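Down below is the structure, laid out as structure tokens.
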Amino acid sequence: MRTNGEFIDRLRIIWTIASKDIVEAIRNKTILLIMGSVALFMVLAQLPALLKQDDTHGVVIYDAGGSGLAAAVADSQQADVLVVSSQEEMLEVVGDVGGSVLGLVVPDVQTVSEDQPLDLDGYFVHSAPQSKRAETVRYFEQLLGQLTGRQVQITVVSGLVYPSPDAVGQPFLIALLLVVSIITTSTSIVPYLVVEEKETGTLDALLVFPVSMGQIVIGKALAGMVYGIAVAIVLFAFNTALVVHWGVAITGILTGTLFAVSLGLLMGTLFENRQTMILWGTTFMMILIVPVFISNSSGLGWPEFIRTALPWTPAVTLSRIFRVAFSGSAQLADFLPETGVVMGSALLALGIMAWLLRRRTQ
Numbered sequence: 007m008r009t010n011g012e013f014i015d016r017l018r019i020i021w022t023i024a025s026k027d028i029v030e031a032i033r034n035k036t037i038l039l040i041m042g043s044v045a046l047f048m049v050l051a052q053l054p055a056l057l058k059q060d061d062t063h064g065v066v067i068y069d070a071g072g073s074g075l076a077a078a079v080a081d082s083q084q085a086d087v088l089v090v091s092s093q094e095e096m097l098e099v100v101g102d103v104g105g106s107v108l109g110l111v112v113p114d115v116q117t118v119s120e121d122q123p124l125d126l127d128g129y130f131v132h133s134a135p136q137s138k139r140a141e142t143v144r145y146f147e148q149l150l151g152q153l154t155g156r157q158v159q160i161t162v163v164s165g166l167v168y169p170s171p172d173a174v175g176q177p178f179l180i181a182l183l184l185v186v187s188i189i190t191t192s193t194s195i196v197p198y199l200v201v202e203e204k205e206t207g208t209l210d211a212l213l214v215f216p217v218s219m220g221q222i223v224i225g226k227a228l229a230g231m232v233y234g235i236a237v238a239i240v241l242f243a244f245n246t247a248l249v250v251h252w253g254v255a256i257t258g259i260l261t262g263t264l265f266a267v268s269l270g271l272l273m274g275t276l277f278e279n280r281q282t283m284i285l286w287g288t289t290f291m292m293i294l295i296v297p298v299f300i301s302n303s304s305g306l307g308w309p310e311f312i313r314t315a316l317p318w319t320p321a322v323t324l325s326r327i328f329r330v331a332f333s334g335s336a337q338l339a340d341f342l343p344e345t346g347v348v349m350g351s352a353l354l355a356l357g358i359m360a361w362l363l364r365r366r367t368q
């Protein structure tokens, strides 16, 4: 029977391995360069939104009464206008596009007396800042007032709009950025934790010590997760307003980072030197990430077996978890199967790594 002392000793060994890798990664200039490149990539991805100077306002209009008001707004060229055929479609587009785009329902204006204000229902996505909502409402009240020659009042409906998990606009792009950043960071940094020890001979020395294979794998996985989680935290800091379900988002961060770290450790175990790792690692990483880019390209005529398998690849399922975190509803059935795929892939990679390390000692 294992005593508490033995358990604490095992934890101490795991922490020793993890802390050593964390410190060495911080000192490694190559790893710092990779981290800096990923951080710069994330900042540049956010830069257009942060520095946006375009004052054009966007509106999605459902003209329930066929008043022609939407066409008048479009002809004025004072706003970006999208006309839809139903209120449901309007809500879907507003949630998909994000930002401070206004959704409007225009009633049959002929039923409203000209001496009464034209009252319109307005909708915003949940992440739109309160100040931008007020500014957008004022802008369109003035614009529509000029176009109709009457007072216009837009009442923002209290029930905010949320994107669906299948949204392909802003939620998909942010989820894509999260997946690419986590996988790129982990599969770029973590292999160095193993390859460098191979090149210096410290890995073989570690394997002959009274340290179990599980302790080595867990220790290195913990070290790698520090960097993956750090990248995810930085990226979420830019997009906190989008998150509706933080529990789902944290699930995605932890499972996604564990998967990417496991993959990185496996790559480091497979390759004996940095040159080989860079050559094959980049190719492997692209094969992993590309399905996320094409996962919403259903109209491109992909073969049936690709369209069936694509949603269950690890990177695509991770993207789905983050998109559920941004949506209005998060049932277990919406993300639990995807979480199982990501976790199963991570455990498979760790198991293969442990098997390869065990063979190395034989």
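In terms of this note's numbering, the sequence shown opens at residue 7 and continues consecutively. For glycine and all other residues, C-beta sits at the position ideal for the given N, C-alpha and C. Note that the coordinates shown come from a computational prediction; the quantities given were computed from them, not determined experimentally.
Delimiting residues of the alpha helix (DSSP H) encompassing residue i
i: Gln159; result: Gln159 -> not in any alpha helix (DSSP H); beta strand (DSSP E) instead, spanning 158 to 162.
i: Val112; result: Segment 108 to 112 is the beta strand (DSSP E) holding Val112; no alpha helix (DSSP H) there.
i: Tyr145; result: 136 to 154
i: Leu272; result: 252 to 276
Straight-line gap, residue i to residue j (C-alpha atoms, nearest Å)
i: Leu264; j: Lys226; result: 11 Å
i: Gly234; j: His63; result: 37 Å
i: Val330; j: Phe311; result: 25 Å
i: Arg5; j: Pro123; result: Within the shown structure, residues of the chain are numbered from 7 to 368, placing residue 5 beyond reach of any answer.
i: Ile19; j: Ala355; result: 22 Å
i: Ser133; j: Asp15; result: 47 Å
i: Val185; j: Tyr145; result: 37 Å
i: Thr22; j: Arg313; result: 45 Å
i: Gly357; j: Val65; result: 52 Å
i: Val348; j: Gln148; result: 50 Å
i: Ala266; j: Pro197; result: 11 Å
i: Thr319; j: Ile293; result: 11 Å
i: Met291; j: Thr193; result: 7 Å
i: Phe242; j: Gly74; result: 42 Å
i: Ala236; j: Ile189; result: 12 Å
i: Gly350; j: Arg139; result: 43 Å
i: Arg364; j: Lys26; result: 21 Å
i: Gln59; j: Leu179; result: Below a pLDDT of 50, predicted positions are generally treated as unreliable, and Gln59, at 47, falls in that range; the measurement from the model is reported next regardless. Looking at the two C-alpha atoms, the distance is approximately 21 Å.
Option nearest residue i by Cα separation, candidates the options
i: Gln221; options: Phe242, Leu17, Val111; result: Leu17
i: Met273; options: Val99, Leu362, Pro177; result: Leu362
i: Ser333; options: Thr154, Gly151, Val254; result: Val254
i: Met359; options: Ile180, Ser325, Phe277; result: Phe277
i: Gln83; options: Gly72, Tyr168, Leu150; result: Leu150
Burial state of residue i (16 or more Cβ within 10 Å)
i: Ser187; result: buried
i: Asp125; result: exposed
i: Pro171; result: buried
i: Thr282; result: exposed
i: Ala339; result: exposed
i: Ile239; result: exposed
i: Ser137; result: exposed
i: Thr289; result: exposed
Under 9 Å between C-beta atoms of residue i and residue j
i: Asp102; j: Ala173; result: yes
i: Ile327; j: Thr261; result: yes
i: Ile28; j: Val201; result: no
i: Val99; j: Val87; result: no
i: Val162; j: Phe130; result: yes
i: Val298; j: Leu108; result: no
i: Ser268; j: Ala321; result: no
i: Thr154; j: Ala78; result: yes
i: Gly379; j: Leu199; result: Outside the displayed range of the chain (7 to 368) lies residue 379, so it cannot be described from this structure.
i: Ile195; j: Gly230; result: yes
i: Glu344; j: Leu324; result: yes
i: Ala76; j: Gln93; result: no
i: Gln176; j: Gly287; result: no
Neighbour flag for residue i against chain D, beta carbons, 9 Å
i: Ser187; result: Looking at the structure shown, chain D is missing, and only one protein chain is on hand.
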